Structure formats: structure tokens, C-alpha cells
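I have placed the structure first, in the form of C-alpha cells, so that the comments after it can refer back to it.
Numbering (the numbering used here), first residue to last: 204 to 537.
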């Protein structure tokens with residue numbers, strides 16, 4: 204894989220006890236240094252034009268001024284410093300780089316992975332939330348649609364939290380399909396089965412709110428039985444994976460049970476799906492707060508895209524997960 208990375212993302216300081224720290228990127232870099240064939244790209248800072256495709260201009264002015272004044276506490280979860288504005292633009296810009304690199308033909312071992320921070324999927328068009336200031340995947344999706352060779356984009360969010368920001372950006376649009384597997388009851392409390400989109404976007408939002416304790420079998424069943432038919436119907440030119448790794452069995456802030464191998468198996472499923480759809484694929488880092496679990500899982504995705512065969516789980520998804528998938532299929536007519 205080719206990894207998007209900028210040192211500016213390290214300078215977004217959140218304090219010693221904040222789970223979303225620069226140590227996350229350092230841990231990933233240390234782990235990847237043990238592997239061969241890892242390349243890094245700096246990308247460009249996200250432009251005002253790219254950001255305004257999904258964010259209100261007045262909101263962008265507010266965040267920029269907040270940082271220019273030295274930052275501070277934005278809300279209960281959000282912390283910023285003067286360098287946060289550049290870090291946020293760098294993280295969004297890396298996501299734009301990843302989407303364009305994928306569309307320009309990167310695949311297999313060259314598949315792009317934007318490893319920036321702060322993460323993005325909670326940032327709404329006019330509000331920062333949940334550690335996020337700019338909607339990285341959303342900025343990248345909207346930027347891709349500005350190309351002449353792209354008609355439809357999909358964003359699949361496997362972070363343990365629902366990406367309320369990404370969903371809100373595209374809820375009434377038919378050219379972006381947003382889907383999410385997340386733990387029911389966690390922040391931000393959105394992402395219900397009966398949120399399928401509205402207007403031109405009817406049917407293009409697909410949520411799978413699983414109960415705590417789901418793992419590899421349940422996540423792979425969701426991809427095979429719900430995501431695949433949903434994306435086959437949408438027929439995207441590009442799939443952006445909002446790749447949070449906080450559903451890992453060793454992550455400190457969730458109750459999900461996805462293994463390191465499970466993330467590799469999901470990446471393989473998605474890569475195969477994109478081959479079948481003739482769609483490009485790019486990965487954008489979201490959450491993941493157990494440093495070893497995060498770093499090992501990113502490395503597993505990297506190795507999988509280089510041809511490693513991840514272990515497949517035995518058995519079937521549990522009954523409660525199957526019932527939830529039946530609800531999603533009924534909601535979307537799949």
C-alpha cells in the first residue's frame with residue numbers, strides 16, 4: 204500500500220489523557236517500519252474549494268479562527284491548538300490524495316491509505332464533533348465527484364461509532380452511498396436501520412447497528428449479505444473505506460470483538476467486491492485507540508492488499524446479528 208502521511212498531523216495536540224493522540228500515528232509508523240514495500244505520500248492541504256463542497260463556509264471560518272486564537276476546548280470531546288487547522292486540512296488533503304490515487308489506477312500493493320489525524324466521520328457540515336473537525340472521507344468523496352470520470356461514490360464505515368457527519372453530508376444525495384457497521388448505543392447515538400436517506404438520497408444510506416460482542420463472523424456476514432447487494436445496486440466508481448479500528452477486540456472503548464485477522468478478511472472482501480464492480484478502493488483512517496491493536500490491524504490491511512491470505516473465521520454469525528441483517532434487507536429491499 205501507499206500511505207498518505209504528513210508530520211503536520213502530529214502537531215494537533217489533544218493532551219496527555221485524550222484517546223485521540225499523535226501516538227496513534229507514531230504507533231502505525233513504527234509497526235509499518237517492520238514491513239517491506241511501504242511508501243509514503245504527503246499529498247496537499249485540502250483546499251477551501253474542496254472543504255466547502257461538504258462544509259459551510261461560516262463553519263470553516265469559525266474553526267480557522269478558533270485555532271488561530273490558540274485553540275482550547277471546542278466541546279466535551281474536541282480539543283484544538285493553533286496547529287490543529289493545518290493538521291485538519293492535512294488529514295482531509297490526504298484523503299483527497301487517496302481517492303484520486305485510487306481513481307488514477309492504484310490497486311493491489313499500491314492501494315492508497317490516508318493515515319491522517321484528526322479523524323473525520325463525526326464532523327458535520329456546520330459542526331465539529333467526536334474528535335473530528337473536517338469530514339475527511341466526505342471531503343474526498345465530494346472531490347472525486349468533481350472529476351469528469353466519476354458519477355457515483357460509496358463510503359463504507361467500519362469504525363465502531365456511526366459516522367453521523369458523513370451520513371448528514373450525503374443524506375439527500377443520490378450520488379454517494381453511505382453504509383456503516385457500528386455498535387448500537389455508542390456515541391453519537393445515530394445510525395438506525397430506519398435512516399435510509401431522503402429525497403434524491405432515498406435508499407443510499409445503509410446502517411447496520413449491531414449489538415456489542417459482534418466479531419469477525421458478524422462483520423463479514425454484513426459485507427456479504429447486505430453491503431455487497433447494496434453496492435451492486437449503487438454501482439460506484441470509487442469505494443472509500445472509513446477505516447476505524449476501534450471495533451477491535453482489544454480496543455479500550457468498545458465491546459466489539461473484531462480480530463486483527465478479521466480486519467484483513469474485511470479488506471479482502473472489499474477488494475474483491477471492487478474488482479467485481481470495476482470500482483477503485485481507498486482507505487481513510489478514522490478511530491482506533493488501543494495502540495498495538497490499531498497498528499497491527501493497519502499492518503494487516505497492508506499485508507492483505509499485498510497478497511496475504513487472512514484467516515477466515517469458522518461458523519456463522521450469531522442469531523441477533525442475523526435478525527439485524529434481515530431488518531436491514533427488509534428496509535432496503537435487498
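Ideal Cβ placement from N, Cα and C applies to all residues, glycine included. Owing to the predicted nature of the structure, the values given are computational and were not obtained by experimental measurement.
| Check | Outcome |
| --- | --- |
| Best match in 218, 430, 484 for proximity to residue 334 [C-alpha to C-alpha] | 218 |
| Cβ neighbour criterion (16 or more within 10 Å) applied to residue 243 | exposed |
| Host beta strand (DSSP E) of residue 236 (start-end) | From DSSP, residue 236 is part of no beta strand (DSSP E); its letter is neither H nor E. |
| Straight-line Cα distance separating residue 336 from residue 211 | 15 Å |
| Residue from 231, 534, 375 with nearest C-alpha to residue 396 | 534 |
| Boundaries of the beta strand (DSSP E) in which residue 432 is found, first to last residue | Not the beta strand (DSSP E): residue 432 falls in the alpha helix (DSSP H), residues 431-437. |
| C-alpha distance - residue 240 paired with residue 509, whole-angstrom precision | 9 Å |
| Supposed close pair residue 325, residue 367 - CB separation, criterion 8 Å | 6 Å |
| Residue 385: first and last residue of the uninterrupted beta strand (DSSP E) it sits in | 379-386 |
| Alpha-carbon spacing of residue 503 relative to residue 485, whole angstroms | 15 Å |
| Paired residues, beta bridge with residue 410 - DSSP | 383 |
| Entirely enclosed beta strand (DSSP E) segments - the segment 206-252, minimum 3 residues | 242-244 |
| Residue 483 to residue 346 span [Cα, whole Å] | 15 Å |
| When 512, 383, 275, 289 are compared against residue 443, the one with the closest alpha-carbon | 383 |
| Residue burial classification, residue 253 (beta-carbon count within 10 angstroms, cutoff 16) | buried |
| Sequence-distant residues of the same chain with beta carbon closer than 8 Å to residue 527, five excluded per side | 396, 411, 412, 413, 414 |
| Endpoints, beta strand (DSSP E) assigned at residue 316 | 315-317 |
| Contacting residues, own chain, Cβ-Cβ under 8 Å from residue 263 (five flanking each side not counted) | 251, 254, 255 |
| Straight-line gap, residue 425 to residue 431 (C-alpha atoms, nearest Å) | 8 Å |
| Close beta carbons around residue 403, own chain, < 7 Å, minus the five adjacent residues each side | 375, 376, 377 |
| Three-way DSSP call (helix, strand, coil) for residue 276 in this model | strand |
| Limits of the unbroken alpha helix (DSSP H) element including residue 269 | 260-271 |
| Cβ neighbours of residue 439 in the same chain (closer than 8 Å, five flanking residues each side left out) | 355, 356, 357, 380, 480, 482 |
| Cβ contact (3+ pairs, closer than 8 Å) linking the segment 293-311 and the segment 217-235 | no |
| Minimum length 4: unbroken alpha helix (DSSP H) runs contained in the segment 309-369 | 339-348 |
| As assigned by DSSP and simplified to three states, the class of residue 523 | helix |
| Where residue 284 sits in the DSSP three-state scheme | coil |
| Candidates 392, 281, 371, of which the one nearest residue 400 by Cα | 371 |
| C-beta contact flag for residue 448 and residue 494 at 8 Å | no |
| Proximity winner among 209, 246, 351, relative to residue 229 (alpha-carbon distances) | 209 |
| Rounded straight-line distance, which links the Cα of residue 302 to that of residue 349 | 12 Å |
| Contact check, residue 398 vs residue 520, beta carbons under 8 Å | no |
| Residues near residue 245 in its chain [Cβ-Cβ closer than 6 Å; skip 5 each side] | 209 |
| Per-residue burial, residue 327 [other beta carbons within 10 Å of its own, 16 or more giving buried] | buried |
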